[in-house]
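When we follow the working numbering, the leftmost residue of the sequence shown carries the number 1, and every step to the right adds one. Quick reminder that beta carbons are idealized off the backbone N, C-alpha and C, glycines included.
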Amino acid sequence: MKKIIASLILVLIIATSCSQEAPDMLGAYTVVIDKLYNEDMALNSDIKYIAIDTSLINNLSEEQKSSLLKDLEKYGYTVLDMTFEELEKEGYIEDLYFKEGILFKIEDEPVSGRSITMDVSKWRSGLGAIGYDDLKVEYKNGKWEVTKTGSAWIS
Numbered sequence: 001m002k003k004i005i006a007s008l009i010l011v012l013i014i015a016t017s018c019s020q021e022a023p024d025m026l027g028a029y030t031v032v033i034d035k036l037y038n039e040d041m042a043l044n045s046d047i048k049y050i051a052i053d054t055s056l057i058n059n060l061s062e063e064q065k066s067s068l069l070k071d072l073e074k075y076g077y078t079v080l081d082m083t084f085e086e087l088e089k090e091g092y093i094e095d096l097y098f099k100e101g102i103l104f105k106i107e108d109e110p111v112s113g114r115s116i117t118m119d120v121s122k123w124r125s126g127l128g129a130i131g132y133d134d135l136k137v138e139y140k141n142g143k144w145e146v147t148k149t150g151s152a153w154i155s
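Right, here's the structure in full:
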């Protein structure tokens, strides 16, 4: 009986030490947005708004999307959760130009293990945008990191 109990305790210890922390999905998206925000800083000049199109983000719940919007306030601008079409309809975008802001667009694939592949962009105008197709973020050592940028593009 003592051997059985000792064996069970050993199995529990091994199982507990092998378990991995569940990744915070929100972190994957903040890492990607931080990367885009800090690239081609000229697109960020004289802005008042940061817009993000959350309509194509599939891996976050509505509550997590709200947290993402809140996180974007760290940049010090008014945050809008709107699509390109909505921004255009509301007058923020005129003649393919977002005069006072930038628009982040993220289209993600379903989570695969501890990684997510997505197409991402930062858009200011028809001639001012950057992005990555098939960008990959992975959860490693307790945090999300971009491990593959995929195909980069600029306009």
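Asked	Found
Using CA atoms only, rank isn't needed, just tell me which of Ala42, Tyr49, Ser112, Tyr77 is closest to Ile93.	Tyr49
Under 8 Å, with one C-beta from each stretch per pair, do the segment 36 to 53 and the segment 73 to 82 reach the 3-pair mark?	yes
Relative to the C-alpha of Ala42, which candidate in Glu62, Ile102, Lys70 has its C-alpha closest?	Ile102
DSSP state of Val31, grouped into three classes?	helix
Pull the bridge partners of Phe98 from the DSSP assignment, please.	Ile93
Pull up the CB-CB distance for Asp134 and Thr117, whole angstroms please, since I reckon it's below 8 Å.	6 Å
Asn44: which of Lys122, Thr83, Asp81 sits nearest, CA to CA?	Lys122
Assuming Tyr132 contacts Gly150 (C-beta within less than 8 Å), just tell me the rounded distance between them.	5 Å
Can you give me the C-alpha to C-alpha distance between Pro110 and Met25, rounded to a whole angstrom?	11 Å
Using the C-alpha atoms, what's the distance from Trp153 back to Gly128?	11 Å
Quick one: residues in its chain with C-beta nearer than 7 Å to the C-beta of Glu62, no 5 flanking neighbours on either side, listed in chain order?	none
Which full runs of the beta strand (DSSP E) of 3+ residues lie inside the segment 47 to 88, going along the chain?	49 to 53, 78 to 81
Distance check for Glu90 and Glu156, CA to CA, integer angstroms please.	This structure gives no information on residue 156, because the portion of the chain shown stretches from 1 to 155.
Quick one: grab the DSSP three-state call for Leu36.	helix
Grouping DSSP H, G and I as helix and E and B as strand, with all else coil, what is Leu127?	coil
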